[in-house]
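Residue numbers (the numbering used here): 327 to 588. What follows is one structure encoded as structure tokens, with my remarks underneath.
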Ligand code: 13P
């Protein structure tokens, strides 16, 4: 398929994060459009992370396709008096397969800590969901030369206590916060540098098998015009796509990561 600067090629994951967008009718239209456009496609794991409210209908609609469905958050307790929250087992029971945990918007607006993210990832794994665990520095941290420290701390604390088996069922997403929704993408080299750091940490803390096999996605203004370059990097195994996943045409181009014009 692709040449990757002489390194192991892991099966890519391309996940759309719809965030808080779309009515139910629009969500169903987008999901069916993608099902049709991608019916011949099997070169990557494609996932739609939709608002929790739509997980069931989108999962039903995609049940006879290869596209997976994910949520964007969960609560770590299994059940009980936690008004307004949704558990991993609830998500699983309506056809959910993946769940984003620790997205920077949740860290920023809902004060999620690495410890919260760790509990959420473990709850997801216990219920049989694949967590897509996000890390990434804000602009000030990058400008102050603290990217490595910040991302390392997030990785170490968010993955604390996970077994090798759990790690192999986890997807990590590096999303530099300054590149989210801003149109500023990290260059492929900038992104790969952090992916490489994450992989080194995985090797130190969880062993070579985990480091070799865990898929690390890049997120932050991924578009049809830049996905090809990003995907050439040896440690970038896919993308977590926000804005450009809200349109079937642009998401299809990203999923196929064909070389595009600017
Ligand atoms: P954008 O692709 O809109 O920059 O969003 C990235 C993101 O936050 C995906 O989780």
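Cβ coordinates follow ideal geometry from the N, Cα and C atoms, glycine included. Just so we're clear, the structure is a prediction, and the values are computed from it rather than from any experiment.
- Task: Would you mind stating whether residue 321 and residue 397 have Cβ atoms separated by less than 8 Å?
- Result: Not covered by the structure: residue 321. The range shown for the chain is 327 to 588.
- Taking only the alpha-carbon atoms, compute the straight-line gap between residue 545 and residue 407 and give it to the nearest angstrom. For the purposes of this step, residue 545 is taken as residue 219 along the chain shown, with counting starting at 1. For the purposes of this step, residue 407 is taken as residue 81 along the chain shown, with counting starting at 1. A straight-line Cα-Cα distance of about 34 Å links residue 545 and residue 407.
- DSSP state of residue 580, grouped into three classes? Walking along the chain shown from the start, residue 580 turns up at place 254. If DSSP states are grouped into helix, strand and coil, residue 580 belongs with the helices.
- Query: Mind checking whether residue 402 and residue 446 have CB atoms under 8 Å apart?
  - Reply: Here residue 402 corresponds to residue number 76 of the chain shown, with the count starting at 1. Here residue 446 corresponds to residue number 120 of the chain shown, with the count starting at 1. Yes, Cβ-Cβ distance for residue 402 and residue 446 is below 8 Å.
- Going by C-alpha distance, which of 421, 355, 430 and 535 is nearest residue 493? Start at 1 with the first residue of the chain shown, and residue 493 comes out as number 167. Closest option to residue 493, judged by alpha-carbon separation, among 421, 355, 430 and 535: 535.
- Nearest-angstrom beta carbon gap, residue 500 and residue 461 [assumed within contact, 8 Å]: Locating residue 461 in the chain shown gives position 135, counting from the first residue. Locating residue 500 in the chain shown gives position 174, counting from the first residue. The distance from the Cβ of residue 461 to that of residue 500 is about 6 Å, consistent with a contact at the 8 Å cut-off.
- Query: Is residue 399 helix, strand or coil by DSSP?
  - Reply: Against the chain shown, residue 399 aligns to sequence position 73. Note: residue 399 maps to coil in three-state DSSP.
- Item | Helix, strand or coil at residue 390 [DSSP, three-state] | Mapped onto the chain shown, residue 390 falls at position 64. Note: residue 390 maps to coil in three-state DSSP.
- Identify every run of the alpha helix (DSSP H) within the region 437-471, keeping only runs that are complete inside it and at least 4 residues long; order them along the chain. 440-452 and 465-469
- Unbroken alpha helix (DSSP H) run spanning residue 539, endpoints: As a working mapping, residue 539 is identified with position 213 in the chain shown. That run of the alpha helix (DSSP H) goes 534-539.
- Query: Can you check whether the CB of residue 459 is closer than 8 Å to the CB of residue 443?
  - Reply: Here residue 443 is taken as the residue at index 117 of the chain shown, counted from 1. Here residue 459 is taken as the residue at index 133 of the chain shown, counted from 1. Taking 8 Å as the Cβ cut-off, residue 443 and residue 459 qualify as a contacting pair.
- Task: Closer than 7 Å by C-beta to residue 532: which residues in its own chain qualify, once you throw out the five before and the five after it? Chain order, please.
- Result: As a position in the chain shown, residue 532 is number 206, starting the count at 1. So the list reads 490 and 493, once near-sequence residues are dropped.
- Query: Which of helix, strand or coil does DSSP assign to residue 340?
  - Reply: Taking the chain shown and counting its residues from 1, the one referred to as residue 340 is at position 14. Here residue 340 sits in strand by DSSP.
- Over the uninterrupted alpha helix (DSSP H) stretch that includes residue 477, give me the two end residues. Numbered from 1 along the chain shown, position 151 holds the residue referred to as residue 477. Unbroken alpha helix (DSSP H) run through residue 477: 473-484.
- Query: Are the Cβ atoms of residue 504 and residue 468 separated by less than 8 Å?
  - Reply: Start at 1 with the first residue of the chain shown, and residue 504 comes out as number 178. Start at 1 with the first residue of the chain shown, and residue 468 comes out as number 142. Yes; because the gap between Cβ atoms is below 8 Å, this pair is in contact.
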